[in-house]
Amino acid sequence: MNKDDQREAALEAAIETTPEKKLSNRLAKLRDKIVLELPQAIEQREADQNWFQSAFASVFGDGPITGEELAELQTLSNSIDTAYQEAITEFETEATQFEQEAAAAGNALSDDVKKLIKERHTQALDHIKTRYTQTKEQLTALVSAQSASAQEQALEQLNETLEQEQFKPTHTPATPDDLPWGAPDETVREPVDNPQDLQATLGLNPYAKYAQFAQAGDTDPGVIAQAMSNAANAELQAALNESIEVQLTPEIKALAAQLHNNSIDIYTWVHNNIRFIPSYGSIQGAQHTLETKQGNAIDTASLLIALLRAANIPARYAYGTVEIPATKVMNWVGDAKTPEAAQAILGMGGVPTIGRVEGGKITTFKLEHVWVEAYVDYFPSRGMKELAGDSWIPMDASFKQYEFTEGMNLKDQVPFNAEALANTIQTKSIVNETEGWVQNVPQADIEAQLTQFQNQLKTYIENQNPDSTVGEVLGLQEIKILPPRPLAAGLPYNRIITSQTFNEVPNNLRHKFKYSLATESMGYADSPFITIEEPTAKLAGKSIALSFKPATKADEDIIASRLPAPEANGSIDPNKLPKTLPGYLINLTAEFTINGETIKAGAAGKMGGELYEEMGLWSPKEGWETSINHPTAGSYRAIGLDLQGASPEQAARLKQQLEATKAKLESADDVQLATLTKHSLVGDLLYGTVFNYFALNDLQDQIAAQSSGIISYRLPSYGTFSTNLQTQYWYGLPRNVTFAGLSMDIDHMKQHRVSKSNNKDESFAFSQSIGARMSAMEHLVPEQMFSTETEKAQGISAVKALAIASQQGQKIWTITNDNLNLALSRINLGADAENDIRNAVNAGKIATAHETRINFNGWVGEGYTLIDPNTGAGAYMISGGGNGGLIFLGLLLVMSSIFLMSFLVVGAPITATIGLVVLQQIVATMAVAGAMFIAAGIAATMGEKFLCSKLVGAAMALLTFGLNKLLPFTGGAIGVALLGAFFSDVTGVCG
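For the sequence shown, the working numbering begins at 272 and goes up steadily by one.
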């Protein structure tokens, strides 16, 4: 065996650790060979033939499959038969063994449950034997075919059979035309300029306000007058009501009271405290806007309206097209240096905008905008005294100007020597520009230079001012304070072209989130049994989850029977908790919850079976943008929404929830333990992790943008953090289900970002650099959350996989149309990954991949990136098609406990089932590492000193731009690998 064969054999051995895993893996290899690889090879051979060769082969050829391929199939067939005999012998006695082990553990099963286990086992055994016999017969027919026609027929039959079978988790293919991480384009419709088009855009009925008059008739002036009075009163009452966006929460009411329930004070406070985001539509509502202290025009209007209504002052939305000088817009959107940059960031955010050109320059912007009208006591005090309202007066709290203060100019004062780093790489690496790969990257030298640069940054900042805040180092953006003053009857724009008022945000302007879950057949969805669609404003700041519970009491008893018997002292040995469960014996019910409350539920089939999940976001600009996944029945999936930035208040609530759970566990009080649920024990832990991921990336994005001359804002995004179940599939049947760790999958990460000078190259470089960092954070954040002083969690992500492969001496390929065929002939990452790379490159993207799969803590797989060379948008993939990372926990007892608690009914009896010792170990992870990391994630928003974590963030921003300068030296092959190596070690900088 050569070196490559030895490496592949070692990877196979790492996968095939049990008889059932051997059979699953070998059957999966057969399916890939028959369904994916052979058809591609045959098609390629036919494409390479000229007409004469093709005609000759059809008459005199031996068949579509070569002799070498037939030999490989025969070898594979023999290995499958060996694995089958071993695995099926063990499986035939499982029902009896299951019953005996339950009895030995003191978990006696009722006769009905015993009967159910035997029935399900018999059905499973018959299913497997029947399907295997069919596969064996068809495979034998293929390898022994005596003619070309017989071979073609046998191949077609076996292909048809195996295409419908499942032996491994479904790969979610990349979508090169809709990459999950990136920014929308700046194209947007023109603003409307007449009332009819405006009402149509908003979806408003232009005749609704006249309905009461029509009902009153037109003969009696008194009746008409009364109808008009009733309509006016109804309008005022409607302007005091709650809505999805305008919720009069205790916090809203308290703030209104603090502001003396006065319209001037309320308006002034919102104007002076809420940062403007140039996006479009209702995204987060009043309460979340208050918590994040930022929002777009509609969200800011929602907060202002909520505060006014809480003060019993009628208020409504006003929507129209306005004209604003370009210089003011440039300041308003974040200090754009050119009108074109301002227009680009507005367009990306979805704001209908057009520039008016005078003298060859944009001087004015026409855009659609939202403000507020409040019914106040205007005459004669202009709102200074609140007696009785008499007029609808406009207020725009979102339009404002900023004072921008320059920071320390770290780029110029502490320049990063990219050329020296490039020389080090060129000297010590093997770079093949012709073929498109790099090898033996000197990561130790790179990390040494990066650490040296970070120390230089730290020294410079400390010498300037050791107590510097983040703003002082990177620069400040401060709202120009508007002092309280009498209300004006107009708005601070040159002109209002047309406008429309409404008391509640029209549905056409609401961003929405939807979720559906269905059983699946051959990778396609059946009818969904869970369907949710809600405005994002209704979900802002709430925890969302998909979880599972036993379908019946019998299913719960089957799970409970796997728990070990208590020790002599009554406790349970954590090391004896089950690592696997027989999925085919257990039926589950899926539950979709919001803040722990079940909204929808439905039968999910057998534990370990795959489901078909679709979720996504709708915006007025882009419409629906969705992603498809195949979650495993029995996992716990925490779904995180990052709408326009993380809320410090939400972080504090998560911390309080974790501490409350810790207190209940430590109390050992049956009454308190009975209140615990899977959501408090597992859900908060997982949700806190995905929340941290978004919060820390938002923070680092702000730091990187400020120090890089970029205007950047978060657009609605989502992702999941889940328990990762590994199922061994035998012909679609979930044979065994193992808890394999935790999984981060960020399917939709969007920003609108632009260079302040509208430099496209700078925007592209920024996009690439933060993409690599966001990928690294998919393993770094969970590692921080789940590591303890004695056990360090280990994670994998696309950039870390590339970095590990580079450390192993693998070639790192940059794959374009120029070297696609060569690269695919040299790498061995499996059919799924290679198809992703092929499809992406054919669609004009650039792929970065290593040569062969890696083995990292028992995880055998690959990492690769797919980047749009025009925008920097990308997908950062690992095995299975996830745009994310996996976490492997060193604490087996924690792993097993999380696995069991995610679908067992818990409460007071938990001390007798899982064991308090185990729960306390989880508490140590939850309440210490988790809560501390949540607090760290929002530190910069609190105005704290420029701590080490922020220093690292500033260094990231500068270094990523420096690293992008290396691309010309390496053809782009090395960039992601370098960033992966750096980010993987970045947490060590601060100790």
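Glycine included, C-beta positions come from ideal geometry on N, C-alpha and C. Given the structure is predicted, the values throughout are model-derived calculations rather than measurements.
Bridge partner(s) assigned by DSSP for W642: A589
Please work out which residues of its chain come closer than 6 Å, Cβ to Cβ, to L762, disregarding the five sequence neighbours upstream and downstream, and give them in chain order. P665 and D667
Given this structure, state the Cα-to-Cα distance separating T960 from K1021, to the nearest angstrom. 19 Å
Rounded C-beta distance between P455 and E893? I'm assuming under 8 Å. 6 Å
So, with DSSP's three-state summary, where would you put I1209? Caution applies to I1209, whose pLDDT of 38 falls short of 50 and renders its modelled position unreliable; the model cannot decide the point.
I need the boundaries of the beta strand (DSSP E) containing G631, first residue and last residue. Counting along the chain, G631 falls outside any beta strand (DSSP E), and DSSP gives it neither H nor E.
Test item: CB-CB of I750 and Y646 under 8 Å: no
DSSP three-state assignment for M1045, whether helix, strand or coil: helix
Cα-Cα separation between G605 and G618, rounded to whole angstroms: 14 Å
Hey, K935 and T946 are a contact pair by Cβ (cut 8 Å); roughly how many whole angstroms apart? 7 Å
Look at S978 and L745 and say whether their C-beta atoms are less than 8 Å apart. yes
Pairwise C-alpha distance: R297 and L952: 38 Å
Under a three-way DSSP split, which group does S652 fall into? coil
Three or more C-beta pairs under 8 Å: does that hold for the segment 554 to 571 against the segment 907 to 917? yes
Taking the Cβ atom as the reference point for each residue, do I1083 and H1121 lie within a distance shorter than 8 Å? yes
Between which two residues does the alpha helix (DSSP H) harbouring Y786 extend? Counting along the chain, Y786 falls outside any alpha helix (DSSP H), though it belongs to the beta strand (DSSP E) covering K783 to S792.
When F650, R653 and T609 are compared against T635, the one with the closest alpha-carbon: T609
What does the Cβ neighbour count give for N533, buried or exposed, with the cut at 16 atoms within 10 Å? buried
Helix, strand or coil at N1113 according to DSSP, with G and I counted as helix: helix
For I1075, which residues from the same chain have a beta carbon less than 7 Å from its beta carbon, with the 5 sequence-adjacent residues on both sides left out? I1125 and F1127
Give me, in chain order, the residues of the same chain whose beta-carbon lies closer than 6 Å to that of T932; leave out the 5 immediate sequence neighbours on both sides. S951
Thinking W1001 and L294 are a contact (beta carbons under 8 Å), I'd like their distance in whole angstroms, please. 7 Å
Taking the straight line between their C-alpha atoms, what separation do you get for H442 and D1103? 7 Å
Report yes if the CB atom of Q437 is closer than 8 Å to the CB atom of G1003, and no otherwise. yes
What did DSSP end up calling E920 once you bin it into helix, strand or coil? helix
R546 bridges to which residues according to DSSP? Q565
Could you pull out every residue in the same chain whose Cβ sits closer than 7 Å to the Cβ of K564, ignoring the five residues on either side in sequence? N544, I545 and R546
Using CA coordinates, which residue listed in S938, K783 and N1088 is at the minimum distance from S988? K783
Beta-carbon contacts of F992 that lie in its chain and below 6 Å, excluding the five residues immediately before and after: A909, L957, T960, V961 and M1015
Could you say if the segment 580 to 592 and the segment 771 to 785 meet the contact criterion of at least three C-beta pairs nearer than 8 Å? yes
Measure how close the beta-carbons of A445 and M886 come, nearest whole angstrom, since I'm counting them as under 8 Å. With a Cβ gap of about 17 Å, A445 and M886 do not count as contacting.
Enclosing alpha helix (DSSP H) for Q999 [first to last residue]: Looking at the DSSP string, Q999 is not in any alpha helix (DSSP H); the run it does join, the beta strand (DSSP E), is I981 to W1001.
Can you tell me whether D448 is helix, strand or coil according to DSSP? coil
Three-way DSSP call (helix, strand, coil) for K850 in this model: coil
In the DSSP assignment, find the alpha helix (DSSP H) that holds N1092 and state where it starts and stops. L1091 to R1097
With a CB to CB cut of under 7 Å and the five nearest residues on each side skipped, what residues in its chain are close to A510? P585, A586, R587, Y646 and N774
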